[in-house]
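Student: In order, the protein sequences belong to chains A and B. For the first sequence, the working numbering assigns the number 335 to the last residue and increments by one with no breaks. For the second sequence, the working numbering assigns the number 1335 to the last residue and increments by one with no breaks. Provided herewith is a single structure, encoded as structure tokens, for subsequent inquiry.
Protein chains: 2
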Amino acid sequence: MPTIQDVARDAGVSTATVSRVFSAPELVLEPTRQKVMESVARLGYQPNFAAKSLRTLRTEKILVTVPDISNPFFSQVIRGVEEAAHAAGYSVLLGDTRHEEEREEQYATMLRRKEADGLIFLGHRLPGALAAMVSTMGPRTPIVNGCEFRPDIGVSSAHIDNEQAAAEVMEHLYSLGHTHIGVVTGPLASPISSDRLTGAKAAAARHGESEALNIVTGDFSIESGVRETLALLDEEVRPTAIFCFSDEMAMGALEAIRRRRLRCPQDVSLVGFDDIRFAQYLDPQLTTVSQPMDQIGHEVVRLLLDILSGRASGLQHVTLPHKLVVRASTGPAPI
Amino acid sequence: MPTIQDVARDAGVSTATVSRVFSAPELVLEPTRQKVMESVARLGYQPNFAAKSLRTLRTEKILVTVPDISNPFFSQVIRGVEEAAHAAGYSVLLGDTRHEEEREEQYATMLRRKEADGLIFLGHRLPGALAAMVSTMGPRTPIVNGCEFRPDIGVSSAHIDNEQAAAEVMEHLYSLGHTHIGVVTGPLASPISSDRLTGAKAAAARHGESEALNIVTGDFSIESGVRETLALLDEEVRPTAIFCFSDEMAMGALEAIRRRRLRCPQDVSLVGFDDIRFAQYLDPQLTTVSQPMDQIGHEVVRLLLDILSGRASGLQHVTLPHKLVVRASTGPAPI
DNA sequence: TCGCCCGATGTAATCGAAATCATCGATAAC
DNA sequence: GTTATCGATGATTTCGATTACATCGGGCGA
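Here is the structure:
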């Protein structure tokens, strides 16, 4: 692999000139530029990335950690992140943390080693290895949180209003005449679940149905959707509607409903969350809350780039619009 | 951020010793090591990655390009890749090429710039920017192809026997008495589709049903599954079974079948391909070909690491086991 | 005409860690 | 007792590009 020295020698110029041809072509005379470009082409020169990075202290890489890449919701967000990053000349370092704190920490140290210019984390924990960084650098720490919103950890974020969205779901169900509603949450350690639960409870309270709210806890997996929904359906007073905090769990819920030989929505209405691509192809088509995954991806990248370029002034918590998409899985409560 | 110099000064040793503490601790006396580690902890030192990389010419990164990260099949393979890479101390640089050749080329140059030690590409094209690399370095080129198999491009690969798998699907359908079978392929430019088509045609020929095979071309998307299946169902002689080359297209096919007020499998049997996590939660549960996505991911990483470590001797084309999973979406042909 | 400035290019320091080579004291071999 | 050897550590070069600073010739204003 030829170096900048080889090119300089071949073109009969200094390395500085070669470097300028790439980073500031307007400073170099056209004939000189031509000569250099010819040598570059002839030798097949490509600037060595590590050398450049060492000198500039920049990597043009964004580290993105995600609890589970095989989750369609996250992979869609990642797609948006990749798209926005690529458009800005950055590439994406992917870390699948499998919900494990240890892996989150491991990836966090990559930031400290300057293997990436910034971190976007889609989980709900700020790795301990970075807490110090945040407290010394403040809002200029190149870390952004996506999907989740925690006002206390001191990093900017982009997310929807989970509390409001969950409330809307409940309102929808109440408007259909449902009173006994089952809720399958995700792990309550994450705001994404606890906020939604707060919203759901608030709506129930408004309707005086707090007692009729049956809350069980899943883990966002299809299997937990099956399991927890079966539990709900086997209660003494069977809920007439079930609200799952993810579409995957709702898929599991559909399976559970079938297993109990019930019909959706005639016997049990069902609502998911996320509006993953598959939601509208389920049978029945799933009523769910649409999250702007692509946009969340774009937004977290924008937030991060603002910080990296010094444009950012303070913390920003961007709330993106969600939308309740009513499809065929919800209907009037049975009499 | 403290450098190795700072640590050396703080610990009262040379930078060489500090470096050795990390890369060859057995060469350094225990008390010295202790002293250094204390300074490291006190200063919060982390070796700068770019500097290390420049000196060693290694990045400990694997670049993975994928046609579409939001496709559950690919995201599952990526998960396997990430897992294996992480276990071997490598991290994953993700490139979503969106099936676009230009993006594939862009990511390819990252390899030439030494932004990654190796490339795993899950598409079917070897980027032109790397062809020269392959022809000069031969089987020691750090590039591996996953999911697809092209004997001509000169890189190792891991994949299933697509031809055989497709033949098995057809045999299954013929054994159920189906004769008129519709096939929804993917883009035929990729071996993943053409090989399957070859297998399907061969099986049809064996059964003397070549004429009764109705082949349409999709693009692996749900929407194309809907569209192409509608076309098949509207043919004069309606096929009694449909074989889609991906589970996503099969999801679309289910939708198409519902739209035409037909029942699956009573009126039309349906087979998908991949066995993504959702296949068994569709209604009816989908008969499909199970691909070992995790294993493919692990295997391509292994192949790449073998090359990077010099262990690899020649090209390897690893065929991993697939399995026809018969579920509820296939049944006897209607009379 | 003299000196200043500017545009184009070259020289050389620099980024931070790894690795080669040098050093030094102590031990072992002869 | 002298020297080869070895283990632990230090001094210095090196990786390849960027960039601050130096240089040099020519144009232009006073």
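Cβ atoms here follow ideal geometry from the backbone N, Cα and C, with glycine treated the same way. Note that the structure is predicted; figures quoted are calculated from it, not measured.
Could you give the distance in angstroms between the alpha-carbon of H1086 (chain B) and the alpha-carbon of L1270 (chain B)?
Tutor: Those two C-alpha atoms are separated by around 38 angstroms.
Student: Just to make sure I have the definition right: I need the residues of chain A whose C-beta is within less than 8 angstroms of the C-beta of R1113 (chain B). Which are they?
Tutor: The contacting residues are Q46, P47, N48 and F49.
Student: Scan the stretch 74–107 of chain A for residues whose Cβ lies nearer than 9 angstroms to a Cβ of chain B and list them as they occur along the chain.
Tutor: Hits within the stretch, in order: F74, S75, Q76, I78, R79, E82, E83, H86, S91, V92, L93, L94, G95, D96, R98, R103, Q106 and Y107.
Student: Is there a Cβ of chain B sitting closer than 8 angstroms to that of L54 (chain A), yes or no?
Tutor: Yes, contact with chain B.
Student: Can you tell me which of B:S1053, B:D1068, B:D1152 and B:P1072 puts its alpha carbon nearest to the alpha carbon of F278 (chain A)?
Tutor: Considering only alpha carbons, the answer is B:P1072.
Student: Alpha carbon to alpha carbon, what distance is there between A1203 (chain B) and V81 (chain A)?
Tutor: Straight-line Cα distance between these residues: approximately 43 angstroms.
Student: Tell me whether the beta-carbon of T349 (chain A) lies closer than 8 angstroms to the beta-carbon of A253 (chain A).
Tutor: What is shown of chain A runs 1 to 335, which leaves residue 349 (chain A) out entirely.
Student: Are the stretch 1180–1189 of chain B and the stretch 1214–1223 of chain B touching by the rule of at least three beta carbon pairs closer than 8 angstroms?
Tutor: Yes, the stretch 1180–1189 of chain B is in contact with the stretch 1214–1223 of chain B.
Student: According to DSSP, is K323 (chain A) helix, strand or coil?
Tutor: Residue state, collapsed to three classes: strand.
Student: Taking C-alpha atoms, which residue in B:G1331, B:Y1107 and B:G1146 lies nearest to L1304 (chain B)?
Tutor: When only C-alpha atoms are compared, the closest one is B:G1146.
Student: So, is the C-beta of S1070 (chain B) closer than 8 angstroms to a C-beta in chain A?
Tutor: Yes - at least one Cβ of chain A is within 8 angstroms of the one on S1070 (chain B).
Student: When the Cα atoms are used, what is the spatial distance from L122 (chain A) to L43 (chain A)?
Tutor: Approximately 43 angstroms, taken between the alpha carbons.
Student: If you check the beta carbons only, do A205 (chain A) and A167 (chain A) fall under 8 angstroms apart?
Tutor: Cβ atoms of A205 (chain A) and A167 (chain A): not closer than 8 angstroms.
Student: Does the beta carbon of I153 (chain A) sit closer than 8 angstroms to a beta carbon anywhere in chain B?
Tutor: By this cut-off, I153 (chain A) is not an interface position.
Student: Within the stretch 148–200 of chain A, note down every full alpha helix (DSSP H) run reaching 4 residues or more, in order along the chain.
Tutor: The qualifying runs are 162–175.
Student: Going along chain A in order, which residues have a C-beta closer than 7 angstroms to the C-beta of T1109 (chain B)?
Tutor: Here the neighbours are Q46.
Student: With L63 (chain A) as the anchor, note down where its beta strand (DSSP E) starts and where it stops.
Tutor: Segment K61 to V66, the beta strand (DSSP E) holding L63 (chain A).
Student: Between E336 (chain A) and chain B, is there a C-beta pair that is closer than 8 angstroms?
Tutor: Because chain A in this structure spans residues 1 to 335, residue 336 (chain A) falls outside the shown range and cannot be described.
Student: Taking only beta-carbon atoms, is D1275 (chain B) less than 8 angstroms away from chain A?
Tutor: Judged by the 8 angstroms Cβ criterion, D1275 (chain B) is not in contact with chain A.
Student: Identify the continuous beta strand (DSSP E) that holds I242 (chain A) and give its terminal residues.
Tutor: Unbroken beta strand (DSSP E) run through I242 (chain A): A241 to C244.
Student: So, is the C-beta of Y281 (chain A) closer than 8 angstroms to a C-beta in chain B?
Tutor: Answer yes: the Cβ-Cβ gap between Y281 (chain A) and chain B drops below 8 angstroms somewhere.
Student: Mark L173 (chain A) as exposed unless 16 or more other C-beta atoms lie within 10 angstroms of its C-beta, in which case mark it buried.
Tutor: Per the 10 Å Cβ criterion, buried.
Student: Could you round the C-beta distance between G1331 (chain B) and P1239 (chain B) to whole angstroms and report it? I think they count as a contact, below 8 angstroms.
Tutor: The Cβ separation is near 14 angstroms, so there is no contact.
Student: Can you give me the Cβ contacts of H298 (chain A) inside the same chain, cut-off strictly under 6 angstroms, excluding the 5 residues immediately before and after it?
Tutor: Only G80 and A84 meet the Cβ criterion.
Student: Quick one: grab the DSSP three-state call for S53 (chain A).
Tutor: DSSP places S53 (chain A) in helix when its eight states are reduced to three.
Student: Curious, which full-length alpha helix (DSSP H) runs of at least 4 residues does the stretch 260–320 of chain A contain?
Tutor: As far as the stretch 260–320 of chain A is concerned, its whole alpha helix (DSSP H) runs of at least 4 residues are 293–308.
Student: Using a Cβ-Cβ cutoff of less than 8 angstroms, which residues in the same chain neighbour E1163 (chain B) once the five nearest sequence positions on both sides are dropped?
Tutor: Within the same chain, E1163 (chain B) has close Cβ partners D1195, R1196, T1198, G1199 and A1202.
Student: Spatial neighbours of V28 (chain A) within its chain, please: C-beta separation below 7 angstroms, excluding the five flanking residues on both sides.
Tutor: Hits under 7 angstroms: T17, R20 and V21.
Student: Taking Cβ-Cβ distances below 9 angstroms as the criterion, which residues of the stretch 1296–1323 of chain B are in contact with chain A?
Tutor: Going along the stretch 1296–1323 of chain B in chain order, one finds no residue with a Cβ nearer than 9 angstroms to chain A.
Student: Among B:T1319, B:R1327 and B:L1324, which one has its Cα closest to the Cα of I1160 (chain B)?
Tutor: Nearest of B:T1319, B:R1327 and B:L1324 to I1160 (chain B), Cα basis: B:T1319.
Student: In terms of residue numbering, what span does the beta strand (DSSP E) encompassing G1331 (chain B) cover?
Tutor: G1331 (chain B) -> no beta strand (DSSP E), and no H or E assigned at all.
Student: From L1130 (chain B) to K323 (chain A), what distance separates their C-alpha atoms?
Tutor: Distance between the alpha carbons of L1130 (chain B) and K323 (chain A) is about 45 angstroms.
Student: Okay, do the stretch 240–259 of chain A and the stretch 273–288 of chain A touch, 3+ Cβ pairs below 8 angstroms being the bar?
Tutor: A contact exists between the stretch 240–259 of chain A and the stretch 273–288 of chain A.
Student: Suppose you measure from the CA of M1137 (chain B) to the CA of M1037 (chain B); what does that come to, to the nearest Å?
Tutor: Approximately 41 angstroms between the Cα atoms of the pair.
Student: Name, going along the chain, the residues of the stretch 254–265 of chain A whose beta-carbon falls closer than 8 angstroms to a beta-carbon of chain B.
Tutor: If the cut-off is 8 angstroms between Cβ atoms, the stretch 254–265 of chain A has L254, E255 and R258 near chain B.
Student: Helix, strand or coil for V1237 (chain B)? Go by DSSP, reduced to three states.
Tutor: Note: V1237 (chain B) maps to coil in three-state DSSP.
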